[in-house]
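Colleague:
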Amino acid sequence: MHRIITLALLLTVALTNLALAEQFTATGRGNSEESAVANGLNNAVDLAVKQLLDEETVAKNKQKITTSLKGKARKLARVVQKSDPEFTGAGYELQLTADVNMKALEHEINALGLLQDAMGNPRIMVIYTPNLPQGGKLGQTRRDLEAFFDNSYGAIVEVLTERGFDVIDKSSAQQFSIQVADSHELDLDVNRAAAYGLKYHADLVLHYQTVGVGKEGYYSGGAARIFLRAQLINPSTSRVIASKDVESGSHAGTIQEALYQAAKDVGYKVGVVMVDSIKKNWKHEKAGAGTFIIVLDGVSEVDEINSFKVALQSTPGLENVRERESGGGKTTLEIKSGKSADEVKSAVNTTGKQLGWSLRLIRSEGARSTWKRQ
334 MHRIITLALL
344 LTVALTNLAL
354 AEQFTATGRG
364 NSEESAVANG
374 LNNAVDLAVK
384 QLLDEETVAK
394 NKQKITTSLK
404 GKARKLARVV
414 QKSDPEFTGA
424 GYELQLTADV
434 NMKALEHEIN
444 ALGLLQDAMG
454 NPRIMVIYTP
464 NLPQGGKLGQ
474 TRRDLEAFFD
484 NSYGAIVEVL
494 TERGFDVIDK
504 SSAQQFSIQV
514 ADSHELDLDV
524 NRAAAYGLKY
534 HADLVLHYQT
544 VGVGKEGYYS
554 GGAARIFLRA
564 QLINPSTSRV
574 IASKDVESGS
584 HAGTIQEALY
594 QAAKDVGYKV
604 GVVMVDSIKK
614 NWKHEKAGAG
624 TFIIVLDGVS
634 EVDEINSFKV
644 ALQSTPGLEN
654 VRERESGGGK
664 TTLEIKSGKS
674 ADEVKSAVNT
684 TGKQLGWSLR
694 LIRSEGARST
704 WKRQ
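The sequence shown stops at residue 707 when you use the working numbering, and every number in between is there.
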C-alpha cells in the first residue's frame, strides 16, 4: 500500500514538473560528447532566460545571470532528445531538445531582482464597443449612451491610474468607439482591437462592451442592472489573455440615473478584476515578446510545412519553431527567439526563397506577421 502511495506521489511530482516545463532546442559544442551535451543544456537554459527577460535586460546583466546559473543547468533542464554527435575536427557538435523548468528558472532570475525591473508597468489602451446586443436598449437617448460610457470608462481609467498604469488618452478611445459604432458591428474582431492598440503603441488593450441591460423590480423611481464583458488583449500577438464578465445594479430616482450609477460601479469592478489579470499575465506576456507568430497563407501540405520548418530552424537563433495549427490552406507557426521582429521576418523571407517560394508580407502586427505564397 505504501509503495502504491509512493509511486502515486512520484507520478504527481513528475506530472507537475512536466506541466511547468517548456521545450527548447539548442546546439551544443565541446571536446567530448558529454561536454557538448552540457553546453547544449546551458544554451537551452539561455534561450529560456530570454523568454523571461527582454533582450536589453539580458545584455545588461549577462555576467550576473551567468554567475547565478553556473552549474545549475542539469537541475533546471533535462535532455528529451539529441542528435548523434558529429566530430568537426575542433571537437564534437550536436543538437538537443531539453525540457526547462520555467518555474524553477523564474525563481533563480527573480532572486536577482531582474524580473520586476524588466517587467515594469504596461501602457494600456482602454477601448469600448458602443453597440448593444440585438434588441438591447441603454436609456432613452444617444445622450444616455454617451453618459453611460463616460461613467464606465472614467471608473476603469481611475482604477488603472491609481495603480500606477499609463493609460492612453481618452480621445483615441472615443475615436475607436465612433468607428465601431459606424460599422454597426456587435462583436469586435480581436485583430482590429489589436491593430488599433499597436497604432498607439499600447502594451495591452482592455476592450469592453455591454452584453446586457435590464430594469429591476417595480419602484417609484428606477432600478437598473448592467452586464459588461471585458477582454485583455495582447496587441502584438492578437491574442485574448483574459476575459471577465462583470455585472452591477443600482437604484435611483429615474431609470437613467440608475443606469449612470450602475455604469460607474460596473466600470470600477472591471478595473479591479482587470488589474489582477494584468498583474498575473503581464510578466508572461512581456516575456512573450520573444514569441513570434507566423501565418503562411497558401502553405498547408505536410511536406511543405516540414521543409519550411527545417530550413527556418537552420537559421541561428531560430531553432525553436513549432506548428500551432494548419488547415484551410494556411499554417500558423510559433517561433521563440531572442531576435527582433524585423530579423524574424527577414529569416522567413529568406527561407521562402531557399525553397523556391515567392512569399509576400501582407500583414504585420508587432510579433505577428502573415505571408501569402504567390
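Glycine is no exception: its CB is placed at the ideal position from the N, C-alpha and C atoms. All values reported here derive from a predicted model rather than from experimental measurement.
1) Under a three-way DSSP split, which group does Val490 fall into?
2) Just the Cα atoms here: how many angstroms apart are Val643 and Phe498?
3) Going by C-alpha to C-alpha distance, which of Leu402, Val412, Gln542, Lys395 sits closest to Thr358?
4) Rounding to the nearest angstrom, what Cα-Cα distance links Asn375 and Thr462 in this structure?
5) Within the same chain, show all residues whose beta-carbon is closer than 7 Å to that of Ile638, passing over the 5 residues directly before and after it, in chain order.
6) Would His299 be called buried (16 or more neighbouring beta carbons within 10 Å of its own) or exposed?
7) Examine the Cβ distances between the stretch 679 to 699 and the stretch 644 to 654 and report whether three or more of them are shorter than 8 Å.
8) Run through DSSP, which three-state label would Val603 get?
9) DSSP state of Trp615, grouped into three classes?
10) Taking buried to mean at least 16 other C-beta atoms within 10 Å of its own C-beta, is Asp675 buried or exposed?
11) Please list, in chain order, all residues of the same chain as Gln508 whose beta carbon is under 8 Å from its beta carbon, the five residues on each side excluded.
12) So Val413 is in the beta strand (DSSP E); what residue range does that whole segment cover?
13) Going by C-alpha to C-alpha distance, which of Phe625, Phe481, Ile559, Met435 sits closest to Arg572?
14) I need the straight-line Cα distance from Ala526 to Leu537, nearest angstrom please.
15) Taking DSSP as the reference, what is the three-state secondary structure of Gly361?
16) Along the beta strand (DSSP E) that carries Ala431, what are the first and last residues, could you check?
17) If Asp417 sits next to Leu427, beta carbons under 8 Å apart, how far is it from one beta carbon to the other, in whole angstroms?
18) Roughly how many angstroms lie between the CA atoms of Val606 and Val523, to the nearest whole one?
19) Relative to the C-alpha of Val382, which residue among Ala406, Ala535, Gly487, Ser504 is closest?
20) Only counting the same chain, and skipping five residues up and downstream in sequence, which positions put a Cβ closer than 6 Å to that of Trp690?
21) Taking a contact to mean a Cβ-Cβ separation below 7 Å, would you say Ala506 touches Val459 in this structure?
22) Starting from Val378, trace the alpha helix (DSSP H) in both directions and tell me its first and last residue.
23) For the alpha helix (DSSP H) that contains Phe641, what are its first and last residues?
24) What's the C-alpha gap between Tyr552 and Ala591?
25) Cβ of Ser753 within 7 Å of Cβ of Asp609?
26) Bridge partners for Thr400 per DSSP, in chain order?
27) Which of helix, strand or coil does DSSP assign to Ile501?
28) How big is the Cα-Cα spacing for Ile668 and Ile627?
29) Check the DSSP bridge columns for Trp704 and list the partner residues they point to.
30) Determine the extent of the alpha helix (DSSP H) in which Tyr533 is found, giving its start and end residues.
31) Quick one: what's got a C-beta closer than 7 Å to Leu409's C-beta in the same chain, skipping five residues either side?
32) I believe Lys602 touches Val579 by the beta-carbon criterion, under 8 Å. Please report the beta-carbon distance rounded to the nearest angstrom.
33) Would you grab the beta carbon distance between Ser485 and Ala596 for me? Rounded to a whole angstrom, and I think it's under 8 Å.
34) Can you have a look at Gly422 and say buried or exposed, based on whether 16 or more other CB atoms are within 10 angstroms of its CB?
35) Within a Cβ cutoff of 7 Å, which residues of the same chain sit near Lys393, ignoring the five residues on either side of it in sequence?
36) Give the straight-line distance between the Cα atoms of Arg696 and Lys532, rounded to the nearest whole angstrom.
Modeller: Checking against the coordinates, here is how it stands:
1) Under the three-state reduction of DSSP, Val490 is assigned to helix.
2) Cα to Cα, Val643 sits roughly 42 Å from Phe498.
3) Here the closest residue by C-alpha is Val412.
4) Distance between the alpha carbons of Asn375 and Thr462: 48 Å.
5) For Ile638, where only same-chain residues beyond five positions count, the Cβ hits under 7 Å are Val632, Glu656, Ser659, Thr664.
6) Residue 299 cannot be examined here, being either before or after the span of the chain that is shown, 334 to 707.
7) Segments in contact, yes.
8) In the three-state scheme derived from DSSP, where H, G and I count as helix and E and B as strand, Val603 is classed as helix.
9) In the structure shown, Trp615 sits in a helix (DSSP, three-state: H, G or I).
10) Counting the other CB atoms within 10 Å of its CB gives Asp675 a total below 16, which places it among the exposed residues.
11) So no residue of the chain qualifies.
12) In the DSSP annotation of this structure, the continuous segment of the beta strand (DSSP E) that includes Val413 starts and ends at 410 to 415.
13) For the residues Phe625, Phe481, Ile559, Met435, the minimum Cα distance to Arg572 belongs to Phe625.
14) Computed Cα separation, rounded: 10 Å.
15) Gly361: strand per DSSP, three-state reduction.
16) 425 to 434 is the span of the beta strand (DSSP E), which, as asked, contains Ala431.
17) At roughly 7 Å, the Cβ-Cβ gap stays under 8 Å, so Asp417 and Leu427 are in contact.
18) Going by the C-alpha atoms only, they are around 20 Å apart.
19) It is Ala406.
20) Excluding sequence neighbours, Trp690 sits near Arg706.
21) Yes, the pair counts as a contact, with Cβ atoms nearer than the cut-off.
22) 366 to 385 is the extent of the alpha helix (DSSP H) around Val378.
23) Note, Phe641: alpha helix (DSSP H), 635 to 646.
24) Low local confidence applies: a pLDDT of 44 at Tyr552 is under 50, so the model's placement there is unreliable, with the coordinate-based value given in what follows. Per the coordinates, the alpha-carbon of Tyr552 lies some 12 Å from the alpha-carbon of Ala591.
25) Residue 753 lies beyond the stretch modelled for the chain, which goes from 334 to 707, so this question has no answer here.
26) Partner(s): none; Thr400 has no beta bridge.
27) Note: Ile501 maps to coil in three-state DSSP.
28) Using only the alpha carbons, I get a separation of about 8 Å.
29) Bridge partners of Trp704: Leu629, Leu694.
30) In the DSSP annotation of this structure, Tyr533 is not part of any alpha helix (DSSP H), being labelled neither H nor E.
31) Excluding residues within five positions, the ones whose Cβ falls inside 7 Å are Val378, Val433, Asn434, Ala437, Leu438.
32) Contact holds; Cβ gap of about 5 Å.
33) Contact between Ser485 and Ala596 holds, with the beta-carbon distance rounding to 4 Å and staying under 8 Å.
34) Exposed.
35) None.
36) Cα to Cα, the separation comes out at about 14 Å.
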